[in-house]
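Engineer:
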């Protein structure tokens, strides 16, 4: 029996996770633990967290997303949150949730390109 809460796909050296449905606080913490375990287990150099199927992102979920990104970075990988819906963005700004330190992209394709740029910057090989 597995205690995985979400499916994690590996594309090259990037992990992709799509969050969906109504997430309660306990589930969000389980996702945090699972994703950090997966980065360590796989040695991935990047993670995309797709939130496009979340209709609600409250301040707790937003804080946990920020923690996940920080933990992934501490494990030596880059992370980006993709697919934030306009209504969610408006709500987060209205709640005063600080997410400016997160790398974000409109969709997974742009997120993969962003991770590639971040990786190049990490290795000092950023070329046009």
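Numbering (our numbering), first residue to last: 63 to 190.
Just so it is clear, CB atoms sit at the ideal spot from N, CA and C, and this is done for glycine as well.
By a C-beta neighbour count over all protein chains shown, 10 Å radius and 16 as the cutoff for buried, is residue 84 buried or exposed?
Structural biologist: Counting Cβ neighbours within 10 Å, residue 84 comes out exposed, since fewer than 16 surround it.
Engineer: Taking only the alpha-carbon atoms, compute the straight-line gap between residue 166 and residue 149 and give it to the nearest angstrom.
Structural biologist: About 16 Å.
Engineer: Just to confirm, is the Cβ distance from residue 115 to residue 82 under 8 Å?
Structural biologist: Result yes, Cβ atoms of residue 115 and residue 82 sit closer than 8 Å.
Engineer: Can you tell me which residues form a DSSP beta bridge with residue 112?
Structural biologist: In the DSSP output, where bridge partners are listed per residue, residue 112 has 80 and 144.
Engineer: Let me check understanding here. Comparing Cα to Cα, which of 68, 182 and 177 lies closest to residue 113?
Structural biologist: With distances taken between Cα atoms, residue 113 lies closest to 68.
Engineer: Is there contact between the region 93-101 and the region 122-141, where contact requires at least three CB pairs shorter than 8 Å?
Structural biologist: Judged by Cβ distances under 8 Å, the region 93-101 makes contact with the region 122-141, as three or more pairs qualify.
Engineer: What would DSSP say about residue 90, mapped onto helix, strand or coil?
Structural biologist: If DSSP states are grouped into helix, strand and coil, residue 90 belongs with the helices.
Engineer: State buried or exposed for residue 256, treating a residue as buried only when at least 16 other CB atoms are found within 10 Å of its CB.
Structural biologist: Not covered by the structure: residue 256. The range shown for the chain is 63 to 190.
Engineer: Roughly how far, in whole angstroms, is the beta-carbon of residue 154 from the beta-carbon of residue 119, given that I think they are within contact range, below 8 Å?
Structural biologist: The pair is a contact, with the Cβ atoms about 7 Å apart (cut-off 8 Å).
Engineer: Could you check which residue in 92, 157 and 142 has the C-alpha nearest to that of residue 121?
Structural biologist: Nearest option by C-alpha distance: 157.
Engineer: Please report the distance separating the alpha-carbon of residue 127 from that of residue 94.
Structural biologist: Each residue's Cα considered, the two are about 8 Å apart.
Engineer: May I have a chain-ordered list of the beta strand (DSSP E) segments no shorter than 3 residues that lie completely inside the region 129-181?
Structural biologist: Qualifying beta strand (DSSP E) stretches, in chain order: 140-144.
Engineer: For residue 70, which of helix, strand or coil comes out of DSSP?
Structural biologist: Looking at residue 70 - three-state DSSP - the assignment turns out to be strand.
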